[in-house]
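Participant:
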Amino acid sequence: MTQPTPSDIMNSIEAAFKKHSPERTVTRNWQERAAYQNEELRPGVLTLVYTGESPLGDVYNTRMNFMAIGRIYCGQQSKGIDVENAELTFLKDWRLFCSSSAAGNISIQKVITSQQQEVPDGWFICECVAGPYDFGGEVDWLPEGPSEVPTEIHVSLPPNIGEAHKDDYLVISDLVGENNE
């Protein structure tokens, strides 16, 4: 079975949010504000940007980091509070999605907003974590398996240790001497 890549997961988040909020635009392609007409931003545009993974070194328990950047246009006559309310409504939509079964396991770590500084435009940035994911499922630990499966399994007790049992163990130098003879 092929394991998902971070790009596959980001694509599935994009597709799921499109179904969750069809009135909004969602993309993985970041563009500057000048790339959009005001009316394109009015319903809200959400851009998903992959930012990395953690914990590195554990492919079987990897969390994927990404940003969700929401942009919205509120109209020339809007005031700061109008923009803030539009941001909070859009942000609530994203939060509801993240906590739904459609999203899988996405948690929002941090939220930053425009703080009413760019009226009539508004925006928010969510630092998100998704996962854990198994990115190592295809690692083959046994490239050549045993030719036959054992019919019995033998077990033992933990060894007795301590001064009373020192004669039960070999000294490494004794083993080296045996191999050289």
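With the sequence shown counted from 1, adding 1342 to any position gets you this note's numbering. Cβ coordinates follow ideal geometry from the N, Cα and C atoms, glycine included.
Candidates ASN1380, ASN1407 and GLN1457: which alpha carbon is nearest MET1352's?
Facilitator: Position 10 of the sequence shown holds residue 1352. Looking at the Cα atoms, ASN1407 is the closest of the given residues.
Participant: Select from GLU1426, VAL1368, SER1442 and ASP1463 the residue whose C-alpha is nearest the C-alpha of ARG1375.
Facilitator: Counted from its first residue, the sequence shown places residue 1375 at position 33. Of GLU1426, VAL1368, SER1442 and ASP1463, the residue nearest in Cα terms is ASP1463.
Participant: Going by C-alpha distance, which of GLN1419, SER1354 and GLU1382 is nearest SER1443?
Facilitator: Sequence index remark: in the sequence shown, residue 1443 carries index 101 (1-based). Answer by Cα proximity: SER1354.
Participant: Where do the N-terminal and C-terminal ends of the beta strand (DSSP E) with ASP1463 fall, by residue?
Facilitator: Locating residue 1463 in the sequence shown gives position 121, counting from the first residue. In this chain, the beta strand (DSSP E) harbouring ASP1463 covers 1463-1475.
Participant: So, does the segment 1409-1419 touch the segment 1447-1466, judging by three or more C-beta pairs under 8 angstroms?
Facilitator: yes
Participant: Considering only residues of the same chain and omitting the five flanking positions on each side of SER1449, which have a CB-CB separation below 6 angstroms?
Facilitator: Within the sequence shown, residue 1449 is the residue found at index 107, counting from 1. The answer, listed in chain order, is VAL1471.
Participant: Are THR1389 and THR1369 touching if we call contact CB-CB under 8 angstroms?
Facilitator: On the sequence shown, position 47 is the one that residue 1389 refers to. On the sequence shown, position 27 is the one that residue 1369 refers to. Their beta carbons are under 8 angstroms apart, which means THR1389 touches THR1369 by this criterion.
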